[in-house]
Structures are given as structure tokens and as C-alpha cells.
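Engineer: Have a look at this one.
Number of protein chains: 2
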Amino acid sequence: MSNIYDVARLANVSTATVSKVLSNTPYVSVQTKERVLEAVRQLDYSPSLAARGLTNRRTYILGLVIPNDPDYLFTDPQLLEVIRGVENTANDNDYNILLSMAKKTDQGSAYTRVLRTGYIDGAITVETFEGETAGKLLDDQGLPRVSIGYRNGLNPLNSVHSDDYRGAYEAVKHLIELGHQQIGVISGPANFVGAMEERLRGAKTALLEAGLEFNPGFLTYGDFTAESGYQASRVLLEGTARPTAIFSMNDRMATGVMRRARELGLKLPEDLSLVGFDDISLAALLDPPLTTIRQPSVEQGRVAVTKLFELIKEGKKEFETVVLPVELIVRGSTTRLN
Amino acid sequence: MSNIYDVARLANVSTATVSKVLSNTPYVSVQTKERVLEAVRQLDYSPSLAARGLTNRRTYILGLVIPNDPDYLFTDPQLLEVIRGVENTANDNDYNILLSMAKKTDQGSAYTRVLRTGYIDGAITVETFEGETAGKLLDDQGLPRVSIGYRNGLNPLNSVHSDDYRGAYEAVKHLIELGHQQIGVISGPANFVGAMEERLRGAKTALLEAGLEFNPGFLTYGDFTAESGYQASRVLLEGTARPTAIFSMNDRMATGVMRRARELGLKLPEDLSLVGFDDISLAALLDPPLTTIRQPSVEQGRVAVTKLFELIKEGKKEFETVVLPVELIVRGSTTRLN
DNA sequence: ATAACTTAGTTAAGCGTTTTCCTATTTTTA
DNA sequence: TAAAAATAGGAAAACGCTTAACTAAGTTAT
């Protein structure tokens with residue numbers, strides 16, 4: 000592999016000039032510039048990022064930190080979308096993505112080292128459960144960081160997330176408008192930062208506005224997996240007074256509800272209306288197709304990186320949290336209460 | 000952030016000694032070593048990977064190259080598992096993962112640059128369609144590389160993949176043992192390297208061994224999405240002579256088949272037996288639960304990295320392709336032909 | 001007692017860039 | 001037409017680490 004000296008020699012200039020040409024610094028004549036570029040072409044030269052990082056203090060690498068604890072979070076298909084949005088946007092701007100799937104137990108491991116070692120110019124952290132330490136580690140170093148999700152609970156700075164409140168509100172309002180008054184809610188894990196609280200708040204607000212009251216007995220918790228939705232729905236569907244509709248805080252848990260309902264001989268949507276959250280690709284293909292709240296996952300990644308660039312390149316310290324709009328997608332799993 | 004000089008000064012030694020301590024080179028006295036380590040601790044020092052990479056020619060970063068063309072491949076939940084296997088194994092060995100989602104159209108973009116610039120010590124490429132260039136780019140530089148999937152068609156070197164042949168063979172054999180003779184096959188895209196050919200070969204072999212002949216009219220193609228399975232199954236299920244069983248080369252397409260069958264009033268498994276491939280987490284939760292071939296996705300990532308380390312650390316040039324066993328999971332979507 | 005090792009630690013070069021000063025030439029301004 | 005300003009390019013230091021080569025002291029073998 001050729002280095003900057005090879006190029007300089009071939010173009011008959013100094014390495015300083017080569018560097019200037021490559022970084023578009025002014026005061027290089029057109030002829031010289033062309034000669035250098037020709038040499039670069041001939042040698043198929045590309046500058047060593049390691050060397051560049053050493054002088055520059057810029058590595059053109061962003062960290063993407065995703066908690067790997069617990070395992071089941073990782074089966075979320077939306078996550079892949081987020082990753083895709085992050086990677087593509089970074090790449091469009093000539094940045095690369097270093098992936099860190101942090102385990103809480105890690106101390107001094109490769110992942111920690113990378114976050115501490117000037118190897119990345121900034122980071123995106125996917126916020127999940129309370130008690131993740133990666134974010135603090137980054138902040139302590141003053142590294143630019145953008146959260147996907149809710150940072151430190153509901154701190155309205157430097158994060159990007161969907162409008163969870165609104166989504167839940169719309170979901171429940173939709174059910175109420177269909178005549179439902181007994182509405183069960185399956186939440187995600189209670190210690191999942193921010194999002195679940197917001198969705199619960201949205202759901203409650205919708206009830207309140209309709210003059211209905213929230214029945215704590217109709218609130219259960221799952222862990223986002225389909226299996227947990229199945230379990231949670233037992234509580235709701237096998238009690239004496241069962242709800243006529245269920246709002247599940249993600250689609251996968253909703254599939255669990257469907258399965259349970261089927262087993263109990265309940266027909267959707269006639270006997271039970273069901274609204275999910277996420278709009279995973281499968282949602283439209285279920286039987287009946289699932290009414291749900293669409294969340295812009297790729298977009299979350301995209302916006303997070305764009306915002307991170309503002310912090311990195313413009314030296315900004317903070318920005319107002321970006322809340323991305325969600326959309327109610329009405330399909331076949333909800334119907335008017337008869 | 001402190002550097003090696005700070006540590007050296009504090010410990011009253013030369014930087015060389017610090018470096019030796021940190022890399023466990025012999026000929027450092029216990030006392031000195033302890034003094035250095037104490038200084039490291041006090042200063043919370045960790046060496047700059049950039050600088051280290053410059054001298055070392057080791058970056059402790061592996062590239063993970065995943066084609067991003069076409070989009071729909073990316074919705075594969077198995078992919079996340081593979082990524083997880085790769086990342087975790089790399090991390091366990093103090094390596095990090097640089098994610099590259101290559102678009103074919105990219106030339107000279109961030110991703111290409113990273114692959115050419117001595118920034119990674121090796122790479123894992125996820126093989127999908129023919130004509131991907133990232134692999135060649137890496138090979139041209141002599142960078143160690145392991146493929147997940149089938150390298151250059153069926154080249155039996157330096158790759159890791161599941162036993163696609165065996166999986167398809169078992170799937171179809173299972174159907175035959177249940178008495179089915181008219182078996183439809185929904186393949187993935189024909190230009191998907193290796194895997195589809197192998198699965199088709201497996202299916203044909205099973206038929207042949209049972210003295211049945213392969214009916215080309217019962218072979219259709221999808222693109223791995225549920226929607227394409229739905230479309231493909233129309234061809235199979237709406238003809239005059241329809242198969243009594245279908246082998247779908249992935250689970251998502253199988254869900255499309257289920258949907259179509261339901262629409263046509265066909266009951267699974269009585270009227271139609273269905274076998275998928277992958278065993279995605281949803282498979283067990285479908286109605287009926289899907290009989291399928293389980294593929295070890297996390298394991299593929301894990302093995303790929305392990306093998307890559309052999310190439311990098313031991314300087315090996317090649318290894319025999321690792322074929323990971325698959326497993327037939329019999330659930331409710333298949334039954335004896337009556 | 002001397003030669004030959006072994007151990008412990010240091011010096012300084014080198015990895016491949018970028019960037020800050022410089023110098024020299026050309027162009028503009030008054 | 002002289003001074004000032006703009007343009008073009010180069011020399012060399014700096015980034016933070018590793019490592020080859022070296023020195024010096026202590027240990028062992030003869």
C-alpha cells in the first residue's frame with residue numbers, strides 16, 4: 000500500500016502539498032493539483048485513517064452503543080432498522096460506524112476501551128433500561144453523544160425518539176371512538192426508560208378525555224416478546240370481567256395476544272379489538288392484519304446521526320430533543336363494539 | 000486525556016517500560032511493573048488505538064460487511080442474530096466491529112475507504128447476491144476475510160454457513176414420510192449465491208431417494224419477504240393440481256403461504272402441510288406453529304469470527320469451510336396425508 | 001577470575017499524516 | 001515604482017505509541 004510520500008515523489012511535490020490538495024486547502028495551483036490527483040489515481044492511494052486520526056483528533060468513526068442486556072431486546076426487528084438508518088447516514092457523510100453491544104458486566108473490555116480511547120468522534124447510544132453506564136462513560140469524556148430513546152428518564156436534550164405519548168394516545172382514542180370502554184393495556188418492562196411511561200401517560204390521557212377511568216386491573220406488563228404478550232393476555236382475558244379491547248405496547252406482544260385469544264375461542268376483531276405499536280413488517284400480514292402505531296425506525300437512526308454531526312462539526316453542546324411523529328395505521332384487528 | 004508520557008513520568012520510568020508493562024513483555028521487575036500499573040490506574044490511562052495502529056499495523060477492529068442492496072434482505076431477523084454473534088465474539092477477544100452496509104453503487108465512499116485503508120485487521124462478509132464487490136476489494140489487499148454464506152458460489156474455503164443441503168433434504172424427507180408426494184417448493188431469489196442451489200439440491204435428492212420425481216411446475220421463487228411468499232403460493236395453490244405440501248425456503252415466505260391458504264379456505268395442516276426454513280422466533284407462535292429447519296444464526300457469526308482470528312493471528316491463509324448443522328423442528332404445520 | 005549469559009531498563013527511530021511556520025514569487029495598490 | 005498583499009509551495013515538528021538496539025548491572029559457568 001502506498002503512502003503520502005509515494006504520492007509526493009511521483010507528483011514531484013512535498014507531502015505538505017499532497018495533503019493540501021487532498022483537503023482542498025487553497026493556494027495550490029491548478030497544474031500542481033492535477034499532477035497530485037493523477038499520482039493519487041495511479042497509486043490508488045488513500046490516506047491512512049490511523050495516521051490521520053493521530054494528528055487530526057478526528058477518526059471519522061462514530062460509535063453505536065446498543066445494550067446487549069437482556070438478550071431478548073435484541074430480537075427486536077426495529078433495531079435493525081435503526082442500525083440501518085444510522086449506518087447509511089453516517090456513510091453518506093463519510094463516517095463509519097463502530098458497533099458496541101455493551102454488556103453491563105463489561106469493565107475494561109474492548110468496548111469500554113474504544114469508548115475511552117479517542118477512537119470515535121462521537122456516539123449514538125440506544126437507551127433501553129435504567130442503569131446503563133456507557134452513556135455516562137462517554138459524557139465524562141465530553142464526547143458528543145446523541146441518545147435514541149429517552150435520555151436519563153425524560154431529559155429533553157440530545158435525544159431522538161418517536162412520539163410515544165401521542166402514539167399511545169391515538170391508539171386508545173381510536174379504540175374509544177369505536178365504542179370500547181373496557182380497554183386492557185400491555186406495557187413493556189416498567190424499568191424501560193421513558194418510552195413506556197410516555198405511552199402509559201398517552202393511554203391514560205385518552206381515557207380521561209373521554210371521561211373514562213383507567214382501571215389498574217387492566218394494566219399488565221410484558222417484556223416485548225410475543226411469548227410475554229401471550230402470558231400477559233391470560234391475565235386480561237381470563238378474568239371475570241375482560242376488556243373488549245387491548246392496547247399492546249408493541250406488535251410482537253400483540254401477536255402473543257392473538258394467539259391466546261385464538262386459543263380461548265375469541266374471534267378478532269369481533270370479540271376483541273387489538274392495537275399494537277411499531278408496525279413491524281409482519282403486522283400487515285397477520286390474521287387479521289394488525290391495527291398499530293407506525294414508528295419511523297430508520298428515520299430515528301438517520302436523525303440521530305444528523306444531530307450528532309451538529310454536535311461534532313459545529314461544536315454545539317446540546318439540542319432540543321427531536322420527537323418524530325407516529326401514525327395510526329388502522330387495519331383489521333379493531334372494530335366497532337357492538 | 001493522558002498519554003503514555005504522563006504515565007511514564009508518574010511512574011518514573013521510560014515510555015518503553017510502560018509499553019512493555021502493558022504488553023506483558025518480559026524483563027520488567029515486579030516493583031516497576033506495579034509502579035507503572037498504579038500510575039495507569041491513577042491517570043485512568045488507556046493507550047490511543049490510533050497511535051497503536053500506526054506502529055503496530057494492528058487496529059483490533061474487524062470489518063463486518065453486509066450488502067445493503069436490495070433493501071428487503073435487511074428485514075431478515077436472522078441478520079441481527081448473526082451480527083450479535085459476530086460482535087460478541089469479537090468483543091470477547093478485545094476486538095471491535097466496524098459495520099459496513101455496502102451499497103453496490105458506492106465507489107470511494109466511506110465504506111470503501113475503510114476497507115482500503117488499513118483500518119481493519121480483517122473482515123467478515125455476509126454473502127448474498129452475486130456481483131458484490133466488497134469481497135474482491137478485500138482480497139485484492141490480502142486482508143484476511145471470512146464469508147458467512149457461500150463464497151464465490153460454492154468455493155469450499157474460508158466460509159461459514161449452515162448445512163442448507165441437509166436442511167432442505169430433511170424438510171422434504173419429513174414431508175415424504177408423512178405421505179406427501181406432491182410437494183411445492185418456494186425458493187429464494189435464484190441469484191442468491193449458493194444457499195438456494197444447495198437447498199434445491201437437497202429437496203431434489205430427498206424426492207429422488209423416495210423414487211419420486213421433481214415437478215418443475217411446483218417450483219416457484221420469492222424474495223424472502225412474506226409478501227413474496229404470498230404471491231408465490233398463489234401459483235402453487237390456485238393451479239388445477241395443487242401440491243399437498245409446500246417447502247418454503249424461509250419462514251417469512253411461509254407466513255405468506257399461510258395467509259394465502261387461509262384466504263383460500265385451506266386449513267393447515269389438514270389441507271396443506273408447510274415446512275419453513277430458519278426457525279425465526281415467530282415460527283413457534285404462528286397458528287399452527289410452523290414446522291421448520293432451525294439454523295444457528297448467532298453461531299454462524301461466532302464461528303466466522305473465530306475462524307477469522309485463525310487467519311489473522313496464526314497467519315493461516317485458508318481453512319476448510321465450516322458447515323454448521325441444522326435441525327428439523329416438527330411443529331403443527333405438517334401432518335400425515337390422509 | 002574471567003567470559004558469557006540473563007535481567008532490567010533506556011534511547012531514539014519510525015509509523016503516515018497534518019499543520020504551522022517559512023520563503024519565494026507574482027500580483028495589486030497607491 | 002516601491003510597498004503591500006496574495007499566491008504557491010516546502011521544511012519540519014507534532015500526534016502517541018512500539019520496538020530494535022543498546023547499556024549496565026547482576027548471575028552463572030568454566
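Residue numbers (numbering that gives the first Met the number 0), protein chains in the order written: chain A, 0 to 337; chain B, 0 to 337.
Each residue gets a CB set at the ideal place from its N, CA and C atoms; glycine is no exception.
(1) Can you tell me the Cα-Cα spacing of residue 67(B) and residue 100(B), whole angstroms?
(2) Can you name the residues that DSSP bridges to residue 229(A)?
(3) Between which residues of its own chain and residue 316(B) is the CB-CB distance below 8 Å, once the five residues before and five after are set aside?
(4) Going by DSSP, name the residue or residues bridged to residue 60(A).
(5) Identify the contact partners of residue 287(B) in chain A, using a Cβ-Cβ distance below 9 Å as the criterion.
(6) Helix or strand or just coil, what does DSSP make of residue 192(B)?
(7) Could you tell me the alpha carbon to alpha carbon distance between residue 53(B) and residue 306(A), rounded to whole angstroms?
(8) Could you tell me whether the Cβ of residue 76(B) comes closer than 8 Å to any Cβ of chain A?
(9) Quick one: measure Cβ to Cβ for residue 228(A) and residue 287(A), integer angstroms, because I've assumed they're closer than 8 Å.
(10) Could you compute how far the alpha carbon of residue 155(B) sits from the alpha carbon of residue 114(A)?
(11) Let me know if residue 153(A) comes out buried or exposed under the rule of 16 or more other beta-carbons within 10 Å of its beta-carbon.
(12) Quick one, which residues of the region 184-212 of chain A are near chain B if we go by CB-CB under 9 Å, in chain order?
(13) Who are residue 278(B)'s beta bridge partners in DSSP?
(14) Excluding the 5 residues flanking residue 138(B) on each side, which residues of the same chain have their C-beta closer than 7 Å to its C-beta?
(15) Could you tell me the distance, in whole angstroms, from the CA atom of residue 336(B) to the CA atom of residue 171(B)?
(16) To the nearest angstrom, how far is the alpha carbon of residue 197(B) from that of residue 302(A)?
(17) Between 265(A), 292(A) and 9(A), which has its C-alpha nearest residue 42(A)'s C-alpha?
(18) For the region 145-184 of chain A, which segments carrying the beta strand (DSSP E) assignment without a break, of at least 3 residues, lie completely within its bounds, in sequence order?
(19) With a CB to CB cut of under 7 Å and the five nearest residues on each side skipped, what residues in its chain are close to residue 39(B)?
(20) Return no unless some Cβ of chain A is closer than 8 Å to the Cβ of residue 53(B).
(21) Going by the DSSP bridge assignment, what does residue 128(B) pair with across the sheet?
(22) Relative to the C-alpha of residue 202(A), which residue among 181(A), 190(A) and 4(A) is closest?
(23) Take the Cβ of residue 141(B) as the centre, count every other Cβ of all protein chains shown within 10 Å, and call the residue buried at 16 or more, exposed below.
(24) Below 8 Å CB to CB, which residues in the same chain sit around residue 167(B) once its five sequence neighbours on both sides are set aside?
(25) Would you call residue 29(B) buried or exposed, if buried means 16 or more other Cβ atoms sit within 10 Å of its Cβ?
(26) Could you check where the beta strand (DSSP E) with residue 44(B) kicks off and where it finishes?
(27) Which stretch, first to last residue, makes up the alpha helix (DSSP H) that contains residue 410(B)?
(28) Which of the three DSSP states is assigned to residue 122(A) in this structure?
(29) Going by beta carbon distance, what residues of the same chain come within less than 8 Å of residue 44(A), once the five residues before and after it are set aside?
(30) When you compare only the Cα positions, how much space is there between residue 79(B) and residue 89(B)?
(31) Taking 8 Å as the threshold (beta carbon to beta carbon), is residue 175(A) in contact with chain B?
(32) Contact between the region 247-262 of chain A and the region 206-225 of chain A is defined here as three or more beta-carbon pairs at a separation below 8 Å; is this criterion met?
(33) So, for residue 59(A): in the same chain, excluding its five sequence neighbours on each side, which residues have a beta-carbon less than 6 Å away from its beta-carbon?
(34) Which ranges would you report for the alpha helix (DSSP H) in the region 17-41 of chain A if only whole runs of at least 4 residues count?
(35) Output, in chain order, the set of chain B residues within a Cβ distance shorter than 9 Å of residue 241(A).
(36) Where does residue 296(B) sit, in a helix, a strand or coil, going by DSSP?
Structural biologist: By the coordinates alone:
(1) Roughly 5 Å separates the two Cα atoms.
(2) Per DSSP, none; premise fails for residue 229(A).
(3) Cβ within range, chain order: 310.
(4) Residue 60(A) has 95(A) as its beta-bridge partners, per DSSP.
(5) The premise fails here: residue 287(B) is roughly 10 Å from chain A at the closest Cβ pair, so nothing lies under 9 Å.
(6) The three-state secondary structure of residue 192(B), taken from DSSP, is coil.
(7) Roughly 31 Å separates the two Cα atoms.
(8) Interface flag for residue 76(B) against chain A is set, since a Cβ pair is found closer than 8 Å.
(9) About 16 Å separates the beta carbon of residue 228(A) from that of residue 287(A), a gap too long to meet the 8 Å contact definition.
(10) The alpha-carbon atoms of residue 155(B) and residue 114(A) are separated by roughly 38 Å.
(11) With fewer than 16 Cβ atoms within 10 Å of its Cβ, residue 153(A) is classed as exposed.
(12) Here the close residues number zero.
(13) None; residue 278(B) has no bridge partner.
(14) A distance below 7 Å between beta-carbons, with the five flanking residues on each side excluded, links residue 138(B) to the following residues of its chain, in chain order: 144.
(15) Cα to Cα, the separation comes out at about 14 Å.
(16) Whole-angstrom Cα-Cα distance: 41 Å.
(17) The candidate whose alpha carbon is nearest that of residue 42(A) is 9(A).
(18) If only complete runs of 3 or more residues are kept, the region 145-184 of chain A shows the beta strand (DSSP E) at 158-161, in order along the chain.
(19) The answer, listed in chain order, is 6.
(20) So yes, residue 53(B) belongs to the interface.
(21) Under DSSP, the beta-bridge partners assigned to residue 128(B) are 191(B).
(22) Comparing C-alpha distances from residue 202(A) to each of 181(A), 190(A) and 4(A) shows the shortest one belongs to 181(A).
(23) The residue is exposed, with fewer than 16 neighbouring Cβ atoms inside 10 Å.
(24) Cβ within range, chain order: 197, 198, 199, 200, 201, 202, 205, 246, 248, 276 and 292.
(25) Burial is judged here by how many other beta carbons sit within 10 angstroms of a residue's own beta carbon; residue 29(B) has fewer than 16 and is exposed.
(26) Where residue 44(B) is concerned, there is no enclosing beta strand (DSSP E), given that its DSSP letter is neither H nor E.
(27) This structure leaves residue 410(B) out entirely; chain B is present only between 0 and 337.
(28) In the structure shown, residue 122(A) sits in a strand (DSSP, three-state: E or B).
(29) 1, 2, 3, 5, 6 and 38.
(30) When rounded, the distance between both Cα atoms is 15 Å.
(31) Judged by the 8 Å Cβ criterion, residue 175(A) is not in contact with chain B.
(32) Segment contact: the region 247-262 of chain A against the region 206-225 of chain A, three or more CB-CB distances shorter than 8 Å; contact assigned.
(33) Residues of the same chain with a CB within less than 6 Å of the CB of residue 59(A), apart from the 5 flanking positions on each side, are 94 in chain order.
(34) Along the region 17-41 of chain A, the alpha helix (DSSP H) does not occur as any fully enclosed run of 4 or more residues.
(35) Going along chain B, no residue has its Cβ under 9 Å from residue 241(A), so there is no contact; the nearest lies around 20 Å.
(36) Residue 296(B) falls in the helix class under three-state DSSP.
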